[in-house]
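Written out below as structure tokens is the structure these notes cover.
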Amino acid sequence: MTTPLSEEIRALIAADGPMPLSRYMALCLGHPRHGYYMTRDPLGARGDFTTAPEISQMFGELLGLWAVAQWQQMGSPAAFRLVELGPGRGTLMADALRAARLMPDFGAAARIHLVETSPVLRAAQARTLAGAADVAWHDRIEDVPDGPALVLANEFFDALPIDQYVWRSGHWHERRVGLDDEGHLVLGLDPAPSRAAPAFAAHLLPPAEGAVLEHMESGPARALSALLKAQGGAALIIDYGHAGGYGDTFQALEQHRFADPLAAPGAADLTAHVDFSALARIGRAAGLRAFGPLEQGAFLARLGLGPRAERLKRDAPQEIRAGVEAAARRLAGGGAGEMGRLFKVLVLAHPEIGLPPAFDSTEERV
Ligand code: SAH
10 MTTPLSEEIR ALIAADGPMP LSRYMALCLG HPRHGYYMTR DPLGARGDFT
60 TAPEISQMFG ELLGLWAVAQ WQQMGSPAAF RLVELGPGRG TLMADALRAA
110 RLMPDFGAAA RIHLVETSPV LRAAQARTLA GAADVAWHDR IEDVPDGPAL
160 VLANEFFDAL PIDQYVWRSG HWHERRVGLD DEGHLVLGLD PAPSRAAPAF
210 AAHLLPPAEG AVLEHMESGP ARALSALLKA QGGAALIIDY GHAGGYGDTF
260 QALEQHRFAD PLAAPGAADL TAHVDFSALA RIGRAAGLRA FGPLEQGAFL
310 ARLGLGPRAE RLKRDAPQEI RAGVEAAARR LAGGGAGEMG RLFKVLVLAH
360 PEIGLPPAFD STEERV
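Heads up: the sequence shown begins at 10 in my numbering, then just goes up one per residue.
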């Protein structure tokens, strides 16, 4: 399919040669005029994918209770930043703030900061949070003002650009997006061995021929870690992902189906699974403690998903009860199409604030 962006990307490749995957992904998702997130609200049944806060209010509510408990462990500071990275429609934050009303001092102390690049989604967030909170928006984590911070990030890191390297005859070669003889976009390998890749693979087992190594753009994770180390606080990071290793997880989603990531630049969502061991390493290198990754199902159970679902079902009509049960299963179940095992939870925390709620000391990554 020809899109406005595919013309532009073809012209760039024709002029400069094949481009790294991270450049392609950054253009497809973030191009100011034609980028996927810049031009649409991709969430929900009529969009391309559905996220946990859009499945049920219970998700955001339980994360709100987690934030309250973490704030209390920090000594209930009278002012702190409640930050969300990539807040989508603002649903998670609205549900979290509603649940946190149980503890009015938390709401009074929280200053809401949303890190969001999409003008369409900023507008949706403003609508959702109108009346609930005063909100400041930022393009980048670096722009969040100083002060202790609690940070929530659901399905944010999977949207960050990645690079891929393929192991061929004893060397890593960078995967690039180029043009075939007919001018169509194709994936190929840089013939020269990559100079960057060996450092990214240093902690892994020796690769087999054809192994694929992925490396996520690390700027946001570094900025987040620097903020927490300097200002105090913790980040709760939830995404689908793995604990490191080799494998190709680059994918496109269009109308809830997997699609060819090169077929419709700017018109399909592009993601990669999050490497939680890389996030933990970045956090620890900055002087933070890292906990998890814990499976989302176990995490939500510890926060009280069961009792919360029972409470919502009490006195509700039959169809609402069935809906609550289905949502709880989708969020926490381990079956096909359910998120409980596929999604993982990692906490990065300042070393002085103790164990994060819902984690025990054996779950620290060292
Ligand atoms: N957290 C929401 C939305 C997930 S979709 C939910 O769970 O429903 C990814 C979100 O991250 C969107 O809001 C998107 O606009 C935002 N985003 C993607 N790349 C970003 C970047 N580089 N900087 C800031 N926000 C980004």
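Don't be surprised by glycine CBs; every beta carbon is placed ideally from N, CA and C.
Computed from a prediction, not measured in an experiment: that's the story for all the values here.
For the alpha helix (DSSP H) holding residue i, just list the boundary residues, first then last.
i: R136; result: P128 to L138
i: F9; result: In this structure the chain extends from 10 to 375, so residue 9 is not present and cannot be described.
If I follow the unbroken beta strand (DSSP E) through residue i, where does it start and stop?
i: M225; result: V221 to M225
i: D278; result: D278 to T280
i: L188; result: H180 to L188
i: G315; result: From DSSP, G315 is part of no beta strand (DSSP E) but of the alpha helix (DSSP H) over L314 to K322.
What would DSSP say about residue i, mapped onto helix, strand or coil?
i: Y249; result: strand
i: E125; result: coil
i: M28; result: strand
i: V175; result: strand
i: P51; result: coil
i: L94; result: strand
i: G296; result: coil
i: A87; result: coil
i: L351; result: coil
i: D284; result: strand
i: R290; result: helix
Could you say which of the options lies nearest to residue i if we only look at CA atoms?
i: G140; options: R185, G99 and N163; result: G99
i: L403; options: V375, A252, G275 and G256; result: This structure cannot settle anything about residue 403, because the visible part of the chain is limited to 10 through 375.
i: A287; options: W146, M225, H180 and Q134; result: M225
i: L312; options: C37, T60, L94 and A105; result: A105
i: A88; options: I121, R266 and P27; result: I121
i: P62; options: F165, P200, G228 and G292; result: F165
i: A78; options: L364, E373, R374 and V375; result: L364
i: G343; options: L309, L111 and F259; result: L309
i: R293; options: Y33, A230 and W75; result: A230
Buried or exposed for residue i, going by 16 or more other Cβ atoms inside 10 Å?
i: S203; result: buried
i: T371; result: exposed
i: T137; result: buried
i: E408; result: Since the displayed the chain opens at 10 and closes at 375, residue 408 lies outside it and no answer follows.
i: R298; result: buried
Between residue i and residue j, which are expected to be in contact by the criterion C-beta below 8 Å, what is the C-beta distance as a whole number of angstroms?
i: A337; j: A318; result: 4 Å
i: L355; j: G301; result: 4 Å
i: G250; j: K353; result: 6 Å
i: E125; j: G95; result: 6 Å
i: V144; j: A244; result: With 8 Å as the limit, V144 and A244 do not qualify as a contact, their Cβ atoms being about 19 Å apart.
i: I150; j: A232; result: 4 Å
Tell me, please, whether the CB atom of residue i is closer than 9 Å to any CB atom in chain B?
i: V283; result: Of the protein chains in this structure there is only one, and it is not chain B.
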